[in-house]
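Accompanying notes for the structure given below.
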Amino acid sequence: MDTVSQSFALALQMLAHLDPKLTEIVGLSLEVSLSSTLCSALFGLPLGAAVAIARFPGREPLIVALNAAMGLPPVVVGLFVYLLLSRAGPLGNLGLLFTPPAMVIAQTILIVPIVAALTRQIVEDAWSEYREQLRSLHSSWWQSTLTLLWDTRFSLLTVLLAGFGRAAAEVGAVIIVGGNIDGVTRVMTTAIALETSKGDLPLALGLGLVLITLVMALNVGAHATRGWARARFG
Amino acid sequence: MKRAFGFLLLAGSMLLVPCAAGENPYIVVASTTSTEQSGLFSHLLPAFTKDTGIDVRVVAVGTGQALDIGRRGDADVVFVHDKAAELKWLAEGNGVARYPVMYNDFVLIGPKTDPAHVAGGEDIAGALRKIASAKAPFVSRADKSGTYAAELRLWHAAGVDIASVKGPWYRETGSGMGPALNTAAGMNAYILSDRGTWLNFHNRGDLGIVVQGDKRLFNQYGVMLVNPQKHPNVKKDLGQRFIDWLVSPRGQAAIASYEIGGEQLFFPNAGTDS
Amino acid sequence: MGEAEYPLGQPIVAKSASVVRRGVRVLDRVDLTIAPHSCTFILGPNGSGKSTLLRLLHGLIRADEGDVTWAGEAARPRRQAMVFQRPVLLRRTVAANVRHALALAGIRGDEATLRTHDALARVGLAPLANRAARVLSGGEQQRLALARASALEPDVLFLDEPTASLDPPSTRAVEQIVAAIQARGTTIVMTTHSLAQAKRLADAVVFLDAGRVTESTPARQFFTLPCSVQGRAFLEGERL
Chain A
408 MDTVSQSFAL ALQMLAHLDP KLTEIVGLSL EVSLSSTLCS ALFGLPLGAA VAIARFPGRE
468 PLIVALNAAM GLPPVVVGLF VYLLLSRAGP LGNLGLLFTP PAMVIAQTIL IVPIVAALTR
528 QIVEDAWSEY REQLRSLHSS WWQSTLTLLW DTRFSLLTVL LAGFGRAAAE VGAVIIVGGN
588 IDGVTRVMTT AIALETSKGD LPLALGLGLV LITLVMALNV GAHATRGWAR ARFG
Chain B
69 MKRAFGFLLL AGSMLLVPCA AGENPYIVVA STTSTEQSGL FSHLLPAFTK DTGIDVRVVA
129 VGTGQALDIG RRGDADVVFV HDKAAELKWL AEGNGVARYP VMYNDFVLIG PKTDPAHVAG
189 GEDIAGALRK IASAKAPFVS RADKSGTYAA ELRLWHAAGV DIASVKGPWY RETGSGMGPA
249 LNTAAGMNAY ILSDRGTWLN FHNRGDLGIV VQGDKRLFNQ YGVMLVNPQK HPNVKKDLGQ
309 RFIDWLVSPR GQAAIASYEI GGEQLFFPNA GTDS
Chain C
241 MGEAEYPLGQ PIVAKSASVV RRGVRVLDRV DLTIAPHSCT FILGPNGSGK STLLRLLHGL
301 IRADEGDVTW AGEAARPRRQ AMVFQRPVLL RRTVAANVRH ALALAGIRGD EATLRTHDAL
361 ARVGLAPLAN RAARVLSGGE QQRLALARAS ALEPDVLFLD EPTASLDPPS TRAVEQIVAA
421 IQARGTTIVM TTHSLAQAKR LADAVVFLDA GRVTESTPAR QFFTLPCSVQ GRAFLEGERL
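Residue numbers (this note's numbering), protein chains in the order written: chain A, 408 to 641; chain B, 69 to 342; chain C, 241 to 480.
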């Protein structure tokens, strides 16, 4: 318990003084996880909506695969991307290993299934409500996808938050492809892992509290936005 | 509104291309967790960057993984402490040459209760023999690290065939130095650690140094350039400058000046046959 | 700026059309012709296939046997619209909902703005143009659905029990709007549970019983002298 109270004090101290090392690490964490959330939105939202609306052979197995892929272990994804981006690997010439873009790639792969699978569920429910009317209006397959994505935007925001939460919380993927390089690829979760392995538990836990506070603040903001938008648009 | 949303999405995905971290030239050095956790790099590297303007990005993993990273060409320089493994790595054509840089020492850490009665001694082989016969709890890293390789050599020197006598008292964690120390503190066990990590380690529990000073506990560091013929992407000029700096009087002095609590951790010995 | 000229209505012809669902003949060899500019009501007891017939005539579902043609063409024409019992509106403003439908029909820009404004004005929703569509009352939402449909200037308008969930004033408002749309040349095909409504609006009645058309006659004739047993029984039920 002493460690815990120490860490609360440390966390408050770090937040109050805006320690430059801390801001650097927090900044990189946000940059990497927000980037991967946006990238996964770019791929996952249309993918989920398309699977929801279209009918094709193999649709059911694809849905099962997407749902299962939500549980991809981060460390396995990290290893896979590492082997891809290593100089000895197929994409080695890009020189991306041990850089932030590699971390974004790994996290994007990790959360695209989450975004796609949840989007599919949401859009499928909406599609059953809108389908006849949209067909009556001669809305094409692609037009309907965009319409539904926009119409379910508030629920989709929650989906993106879920994706972001997963990305911001994981350490297995980014530590392998990023290398936890001080000042270059060290993010909150890898810093926590490092401090823990150094035995500096109060600092590790303190960083953990800062991370939780950050993610909490983001969610509060999103919730408030959603409430306002709901009132305005119904 | 839809257009604004789409634009935001596009702009956000531009974050995928974050600006190159500074415009400085840099090298990637694969080294070990124990070296990083000793704090040496925080002390040493700023001096190197100041002298040369070259940034050093350290990927700190276990020795085995560091050598593998070098083998794959994902680093420019490898800086580890397992001479046998380093020479083998060179023989396989992965590097150019090995330069000895410095040594530090290992210490035997143990609980205050000292069930094997080894505290205060200088003979590591004798201490390990006592631990094995007393079957006192002992934590081993059991990863392909330089520390683990040293541990195995010491068991051998003690005449203990650890592979056959190990029992429930011998706990293999497969982890880095820090986590292994955490485990030993939690279990009140003996453990072999490098002095640097121990001095920087805060979660000591009831543990303390029980044996030190034996010549066999010395831990030699070597630095090698990854073979640019095998991997054309290796920054051979910048990497060689790093190596040259490490073995130069300036670099050696910087190494010697690193202290924790007034104690020197690393002893420069470049140019010797180590 | 006068009213737009509507083209000649296109007769819809169903020939021996059947719809089979899970082995059940939901519609059984339906033969009927919808005359242009008329207001046809499809009546019948629950489960008789009224909604299915409506969707078949609109082209939302295809016949498993027989066929349906529009002005002799087998392809579903674009100048049709449908209004459902529960209005399906997007999470946008009132005006944006109309514009969405117009955009799908390839109408954008100034013409879309003009049509949207006129359509909303005709149903009395112009002051609510920038309100969120989903916060409107049930009656207002249905009027919006009608505005959206009429903005497309359809040749045929299909309505599936449009006033079933509305109170009497809203029902009356909807009926007036439908009548006005018909007055501008649109053919109306509608289903309802309310015989009173059918009596008020219908020019022709198609009576369905268990998927079969048992009567297809002018409205006045149906209500005074139904020729089928089922039709008579249905009307008698009303008098109880």
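Built from N, CA and C at the ideal position, the CB exists for glycine as well.
Cutoff 6 Å; reference residue i; Cβ partners in own chain excluding five residues on either side
{"i": "Ala252/B", "result": "Val207 and Ile259"}
{"i": "Gln325/C", "result": "Asp400, Glu401 and Ala404"}
{"i": "Arg637/A", "result": "none"}
{"i": "Pro484/C", "result": "Within the shown structure, residues of chain C are numbered from 241 to 480, placing residue 484/C beyond reach of any answer."}
{"i": "Leu360/C", "result": "Ala366, Ala369 and Ala387"}
{"i": "Leu473/A", "result": "Pro520, Ala523 and Ala524"}
{"i": "Ile516/A", "result": "Val484"}
{"i": "Ala324/B", "result": "Pro336"}
Collapsed DSSP secondary structure at residue i in the structure displayed
{"i": "Arg318/C", "result": "coil"}
{"i": "Ala372/C", "result": "strand"}
{"i": "Lys255/C", "result": "strand"}
{"i": "Asn286/C", "result": "coil"}
{"i": "Trp310/C", "result": "strand"}
{"i": "Arg494/A", "result": "coil"}
{"i": "Leu612/A", "result": "helix"}
{"i": "Ala88/B", "result": "Bear in mind that a pLDDT of 46 at Ala88/B, under 50, signals an unreliable position, so the number given afterwards is only what the model happens to contain. It is coil, neither helix nor strand."}
{"i": "Met292/B", "result": "strand"}
{"i": "Arg452/C", "result": "strand"}
{"i": "Ser414/A", "result": "helix"}
{"i": "Leu306/B", "result": "helix"}
{"i": "Asn268/B", "result": "coil"}
{"i": "Phe463/C", "result": "helix"}
Chain A residues whose Cβ lies nearer than 9 Å to that of residue i
{"i": "Ala321/C", "result": "Ser543 and Leu544"}
{"i": "Arg348/C", "result": "Per Cβ cutoff of 9 Å: no residues; Arg348/C is ~13 Å from chain A at best."}
{"i": "Gly141/B", "result": "Ser493, Arg494, Ala495 and Gly499"}
Partners in chain A for residue i, counting only beta-carbon separations shorter than 7 Å
{"i": "His298/C", "result": "Ser543"}
{"i": "Arg225/C", "result": "What is shown of chain C runs 241 to 480, which leaves residue 225/C out entirely."}
{"i": "Phe310/B", "result": "Neighbours of Phe310/B on chain A: none; closest Cβ ~15 Å, over 7 Å."}
{"i": "Arg318/C", "result": "His545"}
{"i": "Gln297/B", "result": "Under the 7 Å cutoff, chain A gives no residues; its nearest Cβ is about 14 Å from Gln297/B."}
{"i": "Leu344/C", "result": "Leu544, His545, Ser546 and Gln550"}
Cβ neighbours of residue i in the same chain (closer than 8 Å, five flanking residues each side left out)
{"i": "Phe505/A", "result": "Val584, Gly585, Gly586, Ile588, Val591 and Thr592"}
{"i": "Val578/A", "result": "Pro481, Thr596, Thr597, Ile599 and Ala600"}
{"i": "Asp274/B", "result": "Pro179, Lys180, Thr181, Ala253 and Asn256"}
{"i": "Leu445/A", "result": "none"}
{"i": "Arg472/C", "result": "Pro466"}
{"i": "Lys298/B", "result": "Gly141, Gly161 and Asn162"}
Amino acids of chain B, ordered along the chain, whose beta-carbon sits closer than 8 Å to that of residue i
{"i": "Asp607/A", "result": "His270 and Asn271"}
Neighbouring residues, chain C, relative to residue i (Cβ below 8 Å)
{"i": "Thr554/A", "result": "Leu330 and His340"}
{"i": "Glu536/A", "result": "Val328"}
Where residue i meets chain C, residues with beta-carbon distance less than 7 Å
{"i": "Arg639/A", "result": "Ala372"}
Contacts that residue i makes with chain B (C-beta to C-beta distance below 7 Å)
{"i": "Ile588/A", "result": "Arg125, Val126 and Val127"}
Under 9 Å by beta carbon: chain C residues contacting residue i
{"i": "Tyr489/A", "result": "Those within 9 Å of Tyr489/A in chain C number zero; the least Cβ separation is about 43 Å."}
7 Å Cβ shell around residue i - same chain, five flanking residues per side excluded
{"i": "Arg460/C", "result": "none"}
{"i": "Thr390/A", "result": "Residue 390/A lies beyond the stretch modelled for chain A, which goes from 408 to 641, so this question has no answer here."}
{"i": "Ala89/B", "result": "Any reading at Ala89/B must be qualified, since the residue scores a pLDDT of 48, below 50, and its modelled position is unreliable; the value itself is stated next. Closer than 7 Å at Cβ, skipping near neighbours: no residue."}
Neighbour list for residue i in chain A, Cβ cutoff strictly below 8 Å
{"i": "His149/B", "result": "Those do not exist, as His149/B stays about 18 Å from chain A at its closest Cβ, beyond 8 Å."}
Within chain B, partners of residue i - CB distance below 9 Å
{"i": "Ser414/A", "result": "Under the 9 Å cutoff, chain B gives no residues; its nearest Cβ is about 13 Å from Ser414/A."}
Across the stretch 421-436 of chain A and the stretch 550-567 of chain A, are there enough close Cβ pairs to call them in contact, namely three or more that are closer than 8 Å?
No: the two stretches stay apart, fewer than three of their Cβ pairs being nearer than 8 Å.
| message | Measuring CB atoms only, is the stretch 525-534 of chain A touching the stretch 555-575 of chain A, in the sense that at least three cross pairs come out at less than 8 Å? | response | By the Cβ criterion, the stretch 525-534 of chain A is in contact with the stretch 555-575 of chain A, since at least three pairs of Cβ atoms, one from each stretch, lie closer than 8 Å.
- Query: In chain order, what residues of the stretch 171-204 of chain B put their CB closer than 9 Å to some CB of chain A?
  - Reply: Along the stretch 171-204 of chain B, there is no position whose C-beta sits under 9 Å from a C-beta of chain A.
* Asked: the stretch 501-531 of chain A: which residues have C-beta closer than 9 Å to a C-beta of chain B, in chain order?
  -> Residues of the stretch 501-531 of chain A with a C-beta atom less than 9 Å from some C-beta of chain B are Gly502, Leu504, Phe505, Thr506, Pro507, Pro508, Val511, Ile512 and Thr515, listed in chain order.
Exercise. Would you check if the stretch 174-186 of chain B and the stretch 264-280 of chain B touch, i.e. whether three or more CB-CB distances between them fall below 8 Å?
Key: Contact holds: three or more Cβ-Cβ distances are below 8 Å.
* Asked: Of all the residues that make up the stretch 555-586 of chain A, which are near chain C by a beta-carbon distance shorter than 7 Å?
  -> Of all residues in the stretch 555-586 of chain A, only Asp558 place a beta-carbon less than 7 Å from a beta-carbon of chain C.
Are the stretch 261-274 of chain C and the stretch 313-324 of chain B in contact at 8 Å, needing three or more beta carbon pairs?
Put simply, the stretch 261-274 of chain C does not touch the stretch 313-324 of chain B. Fewer than three CB pairs are less than 8 Å apart.
Practice prompt. Note down, in chain order, all residues in the stretch 245-269 of chain B with a beta-carbon under 7 Å from any beta-carbon belonging to chain A.
Written response: Taking 7 Å as the cut-off between beta carbons, the residues of the stretch 245-269 of chain B near chain A are Gly246, Pro247, Leu249, Asn250, Asn268 and Phe269, in sequence order.
How about the stretch 407-418 of chain C and the stretch 327-340 of chain C: do they share at least three Cβ pairs that are nearer than 8 Å? Contact fails between the stretch 407-418 of chain C and the stretch 327-340 of chain C, because fewer than three Cβ pairs, one in each stretch, are under 8 Å apart.
- prompt: What residues from the stretch 299-324 of chain B come within 8 Å of chain A, judged by C-beta to C-beta, listed N to C?
  reply: Per Cβ criterion, the list reads His299 and Asn301.
Discussion item. Taking contact to mean 3 or more Cβ pairs, one atom from each stretch, closer than 8 Å, check whether the stretch 145-157 of chain B and the stretch 322-334 of chain B are in contact.
Written reply: Not touching, per the Cβ criterion.
Do three or more CB pairs link the stretch 199-213 of chain B to the stretch 234-243 of chain B at distances below 8 Å? Cβ pair count under 8 Å is three or more, so yes.
Count Cβ pairs between the stretch 615-634 of chain A and the stretch 531-546 of chain A that sit closer than 8 Å; are there 3 or more?
Three or more beta-carbon pairs separated by less than 8 Å are not found between the stretch 615-634 of chain A and the stretch 531-546 of chain A, which leaves the two stretches without contact.
Examine the Cβ distances between the stretch 444-459 of chain C and the stretch 276-283 of chain C and report whether three or more of them are shorter than 8 Å.
-> A contact between stretches requires three or more CB pairs, one per stretch, nearer than 8 Å, and the stretch 444-459 of chain C meets this requirement with the stretch 276-283 of chain C.
| message | Tell me whether the stretch 381-397 of chain C and the stretch 422-437 of chain C touch, counting them as touching only if at least three CB pairs, one residue from each stretch, are closer than 8 Å. | response | By the criterion of at least three beta-carbon pairs nearer than 8 Å, the stretch 381-397 of chain C is in contact with the stretch 422-437 of chain C.
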